[in-house]
Each structure stands twice: as C-alpha cells, then as structure tokens.
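Residue numbers (my numbering), protein chains in the order written: chain A, 428 to 612; chain B, 428 to 612. Beta carbons: idealized from backbone N, C-alpha and C, even for Gly. Fair warning: this is a prediction, and the values are worked out from it, not measured in the lab.
What follows is the structure, encoded as structure tokens:
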C-alpha cells in the first residue's frame, strides 16, 4: 500500500451537530464539527469562535444545546453554518423546544437533543472550548428500537473533507468485535 | 414527533480513531472516540485517561499519531480499545511506519494518518486533553479520487451508542448544500 504525504489539515470524520443558544432573547443555531467527548463523564465539548454570535449566548446563559440533525436536514444544517446570526435571524429555521430547566433552545426536527450546562471554558487561540455537563437528553420516540436509541434511525450526518455523509450499516459492537482477537491470544 | 427523555449520557456520533505512541521503546495503540477539531488551525485533540499506558508515551515524546482505521479493521480496532498496553504488547497488531521526524508510530493498514506535536495539555478530571499541531499527514494512494482524499475510499468507522458504523453516501457539500436556502431569503 503506497502512502503519500499531503497537506497538514484535519479531514474528519467529525460529527455534524447543531448548537443552540438563546441570543438577545431569540433562539440561534450554529453548525459545528467541533463537538465530542473528552472524558468518561456525561459531558460534551463544543468549540466556538469567540466572536461568533452564538458564543455570546452560551456565555450569557451558561447553557447550550447540541442537536443531531438527521440526513434529510442537510440543507438547513449547512445553511446554519453559512450565515451568522449577527446578520440573519435564524430563529425560524427550526421549531425550538425547551426542557423544564429552560436555558437553551433545542430543535424539534433534530432526532436527538442534549442540553448542556457549561462547567469549564478553555480559550484556544481565537476559539473558546465549552465543556458542558449533560443535564437533559431527548430522543424522538420513532428513533427507538426495543426501547433504546437506534443510531440508524437517528440518522446523523458525518462531516468528512468538505462533505456530509450518512451512516451505512452496523459493523460490530464496542468491546465485543475485538473479543475474537483477545481470546485468541 | 413525540420526544422522550432518556439518561444523561453522550451517544455520538464520534470518530473511531487509533492513537499511536511509542511507549517504553515499542509502538502502542489505543482506540479513541475523543478526537476532533477545536479551532480552525491544523490541530487535533485527543483525550486520554491519565493512567492509560499510551498517555505516558504521549507525554514522554511530545507527539502522537491519529490513524483512521478502515471498516474492515473493526476487530483489530475494537481490540486496541479493550486491552491495555500495560498488560498486553499491542506492537504487533499493526505494521508501524514513521515520518522522517520520527516521534510517533503511524499505522500502515490505516487509510489516513496524522502526526501531531503536543502544543497544549489540558487536565479534565482524570483525563488529559492533548492538543496536537498536525505536522504530517499521510493517505493511501488508493484512497484518492482525482488527486484528493476520498472519504468513501478512506472508509472510516463511526462510533454511535455502543456500536461501529461505516459511511453510506454523499449527502451534500459544506457551504454549498445550504445555498438554496440562503439565496431564497
């Protein structure tokens, strides 16, 4: 297998997430690939440019939401990453809903929603990384299989290179697929 | 669409990456979902438990590699997340190769490889987040289409829930899929 050296850039795969926050009293949404786990605690990070419109809302409220847009929302999702809430009101792109805590708008059309409480803010160059404790999780009832969230029904989008992809098929289960090797040794 | 509230836990999607480091003079690999971007700079983060075997190697060398295992490596990949290098020598699970800089082993069987130089270490509970500047990127020549890395040929695995999935199809391009909406407004 021949390897070739290419430009020093990230390439993915990254999750495609919509981050929600109330800014100036209205729901605002921004698309991020910079979202994920950082420990085994129920926590998600997001990383936002300090000057972004959503960033002000996250700081003001101390909360943000992370929403998984299903593949059929690719146009709306990409749109929310293209235009700034500073110039354009994105509050009507989706239908918002709130946990009983309030704090940050979640997106009804997204198949899974996480409400996160900011517990740590880490400056990284001109970005800020927000670590958020997960305080509420919602999933569409239709996306359950035998009472559990089903990844293929949740139907997330993955960013890789400059494109979005959906999921294909189950390859194996974590801490199980490797048993054949570990037991063979 | 009925929403139901479930347990406060992350669910994914997360990338499935193999992190490589030399530990005690031998290549060692660990599977992580805690890997991604944190700003627009050519940088990747990984987050590792402080007590993990690989963590010592990353600290000692100041470098780590991030390797994208293709879907047919699901068993080997899961295995590297199941067993610790403290107990089991994982140096023979894959064929390592090195950039001219040396510093950290990359995995020949992985379709894309990033060599990263640690530029910041952030303690998060019992984990450490390493921010690594990307200093070399390799891709399998077979995974190019018209000279560019092709996500479907790179064929990464995505972790979601407790399972691994591969990618299905291109849904749209970033900063293009949303044009229809932005131009309609």
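In this structure, the beta-carbon distance from residue 535 of chain B to residue 524 of chain B falls below 9 angstroms. Against chain B, the CB of residue 525 of chain A has no partner CB under 9 angstroms away; the residue lies outside that interface. Considering only beta carbons, the part of the segment 547-571 of chain B lying closer than 9 angstroms to chain A consists of 547, 549, 551, 552, 553, 554, 556, 558, 560, 561, 562, 563, 564, 565, 566, 567, 568, 569, 571, in chain order. With contacts defined as CB atoms closer than 9 angstroms, residue 587 of chain A and residue 550 of chain B fail to qualify as a contacting pair.
Contact annotation: the segment 505-519 of chain B does not touch the segment 463-470 of chain B, with fewer than three C-beta pairs closer than 8 angstroms. By the beta-carbon neighbour count (other beta carbons within 10 angstroms, threshold 16), residue 569 of chain A is exposed. Residues of chain B with a Cβ closer than 7 angstroms to the Cβ of residue 506 of chain A are, in chain order, 605, 608, 609. Taking a Cβ-Cβ threshold of 8 angstroms, none of the residues of chain B is close to residue 484 of chain A; the smallest such distance is about 19 angstroms. Where residue 555 of chain B is concerned, there is no enclosing alpha helix (DSSP H), although the beta strand (DSSP E) around it starts and stops at 554-567. With respect to chain A, the C-beta atom of residue 521 of chain B has no partner C-beta closer than 9 angstroms.
Taking one beta carbon from each stretch, the segment 545-560 of chain B and the segment 585-605 of chain A have fewer than 3 pairs nearer than 8 angstroms; the two do not touch.
Put simply, the segment 430-449 of chain B touches the segment 478-490 of chain B. At least three CB pairs are less than 8 angstroms apart. Within the DSSP secondary-structure output, residue 447 of chain B pairs in a beta bridge with B:456, B:492. Nearest CB-CB separation between residue 471 of chain A and chain B: below the 9 angstroms threshold.
Taking a 10 Å sphere around the C-beta of residue 478 of chain A, we find fewer than 16 other C-beta atoms and assign the residue as exposed.
Judged by DSSP secondary structure, residue 544 of chain A falls within the beta strand (DSSP E) whose first and last residues are 539-551. Per DSSP, the beta-bridge partners of residue 475 of chain A are A:555.
Judged by DSSP in its simplified three-state form, residue 585 of chain A adopts strand.
Residue 519 of chain A counts as exposed, since fewer than 16 other C-beta atoms from the protein chains shown sit within 10 angstroms of its C-beta. Residue 468 of chain B reaches chain A at 552, counting residues in chain order whose Cβ is nearer than 8 angstroms. In the displayed model, residue 516 of chain B falls within coil according to three-state DSSP, outside both helix and strand.
Under DSSP, residue 535 of chain B forms no beta bridge with any residue. Close CB contacts of residue 482 of chain A within its chain, under the 6 angstroms cut and outside five residues either way in sequence, are with 475 (chain order). Counting only Cβ-Cβ distances below 7 angstroms, residue 456 of chain B has no contacts in chain A at all, with the closest Cβ about 12 angstroms away.
Chain-order list of chain B residues neighbouring residue 498 of chain A: 598, by C-beta distance under 8 angstroms. Under the Cβ criterion of 9 angstroms, residue 532 of chain A is not counted among the residues facing chain B. Considering only B:434, B:509, B:442, the residue with the shortest C-alpha distance to residue 610 of chain A is B:509.
Annotation: the continuous alpha helix (DSSP H) that includes residue 606 of chain B extends over 606-611.
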